[in-house]
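Going left to right, the sequence shown walks through residues 2 to 253 as this note's numbering numbers them.
We treat Cβ as the ideally placed atom computed from N, Cα and C, and that holds for glycine.
Read through the structure below, which is laid out as structure tokens, and then see the notes.
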Amino acid sequence: MNIAILEDDLPQAAQMTQAVEKMGYTCRHYSSGKDLIVDLMAPNSFELLILDWELPDITGKDVLIWMRQNLGYALPVLFITSRSGEEDLVDAIETGADDYIVKPYSEPALRVRLLALLRRRNAAGPDSTVFEVGPYVFDAQARSVHLHDEAITLAPKEFDLAVLFFRNLGRLFSRDALSVAIWNREIPATSRTLDTHLSNVRQKLRIRPENGLRIVSSYALGYRLETVSDSAQADNPPLSGQTGTSRSAGQI
């Protein structure tokens, strides 16, 4: 398992490298976004990226934009930033980051986020017709879903929404991103369409702790489907200095 770290602050890069290596993974550090892009052009270079926002040559956001445009969304990205404003965090997620962490942060908090992203990466790929997440079995071609071998009936848009979340376990989606992905348009904030579909998906699929999953909502940032174990660990210990989902999130 090879992880790339883009961070120009050498002491912080050393701390991140140490944390990653303690998890048993190999790690390569970059101080230049341009150097990282060059290496990303080689196939299967890394299994995960950790990107700092501010860099002297090109920003971590620029690297992220290039990567999503040229390599797609298969490679998970953890965005690290000292910016704690909601608009900055929304910007990072909408640009293509799978998760974020605000400086300063604890080593356990970093470890939990990396483990969650790696588990999502190891789940079924986007081309898999049939895939499983815990007790749930989806067949994208037949447009069917089973929970504990029981067939669950979903409306077409509910099924599309469920597949998007279950294929991207742990990824945070903004309301606009969900609206465009499912309805091919942005839905006004005053509309209850998205909220109603999310509520129906949660109820029909019985997304709750006894089935190992929950949908967490932050009205400022969006929604994510996560395992109960991931959410419990992420809340303990809390991120130092972080605003956002850890304090404003709720379960729907």
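Note down, in chain order, each residue of its chain lying with its Cβ closer than 7 Å to the Cβ of residue i, except the 5 sequence neighbours on either side.
i	result
Leu41	Met68 and Leu72
Ile59	Gly34 and Lys35
Val181	Glu187
Ala14	Ile6, Glu8 and His30
Lys158	Ile183 and His198
Arg144	Phe160
Tell me the DSSP bridge mates of residue i?
i	result
Leu148	Tyr137 and Glu151
Asp100	Leu79
Asp53	Ile81
Val1	Residue 1 is absent from the model: the chain starts at 2 and stops at 253.
Arg29	Ala5
Arg225	Val217
Phe174	Tyr224
Please find out if some non-hydrogen atom of the ligand FAD comes closer than 8 Å to the beta-carbon of residue i.
i	result
Glu55	Ligands displayed in this structure: none; no statement on the ligand FAD is therefore possible.
Please say whether residue j and residue i have beta carbons closer to each other than 9 Å?
i	j	result
Thr27	Asn45	no
Ala93	Leu65	yes
Leu119	Glu8	no
Leu214	Val134	yes
Leu11	Ser32	yes
Asn212	Leu115	no
Ser218	Tyr224	yes
Thr130	Leu170	no
Glu88	Gln16	no
Alpha carbon to alpha carbon, what distance is there between residue j and residue i?
i	j	result
Tyr137	Lys205	12 Å
Ala125	Ala75	Caution is warranted here: a pLDDT of 46 is assigned to Ala125, below 50, making its placement in the model unreliable, and the coordinate value is therefore given only provisionally. Their Cα atoms are separated by approximately 11 Å.
Ala5	His30	6 Å
Val21	Leu56	21 Å
Tyr101	Leu90	8 Å
Thr18	Ala156	46 Å
Leu222	Ile188	15 Å
Pro127	Asp161	The predicted position of Pro127 is uncertain, since its pLDDT is 49 and thus under 50; a value taken from the coordinates is nonetheless stated next. Whole-angstrom Cα-Cα distance: 13 Å.
Lys23	Lys104	20 Å
Arg254	Thr82	Shown here, the chain extends from 2 to 253; a query on residue 254 therefore has no answer.
Arg84	Arg112	20 Å
Asn185	Phe132	25 Å
Ile38	Gln142	35 Å
Gly61	Tyr106	18 Å
Ala110	Glu151	36 Å
Trp54	Gly86	13 Å
Ala117	Pro210	17 Å
Gln70	Arg172	18 Å
Could you name the residues of the same chain whose beta carbon sits closer than 6 Å to that of residue i, not counting the 5 residues immediately before and after it, in chain order?
i	result
Phe166	Leu226
Leu50	Ala5 and Val78
Glu95	Ser175
Among the residues of its own chain, which have a CB less than 8 Å from the CB of residue i, if the five just before and after it don't count?
i	result
Ala98	Leu52, Leu65, Val78, Leu79 and Phe80
Ala163	Phe139, Val146, Leu155, Val202 and Leu206
Ile208	Val202, Leu214, Arg215, Ile216 and Leu226
Gly25	Met2
Ala190	Arg176
Leu240	Because Leu240 carries a pLDDT of 34, less than 50, the predicted location of this residue cannot be relied on, and no value is offered for it.
Ile153	Val146, His147, Lys205 and Leu206
Could you check whether the Cβ of residue i sits closer than 9 Å to any Cβ belonging to chain B?
i	result
Lys205	The structure shown contains no chain B, having only a single protein chain.
The region 167-181 in contact with the region 189-197 per 3-pair CB rule at 8 Å: yes
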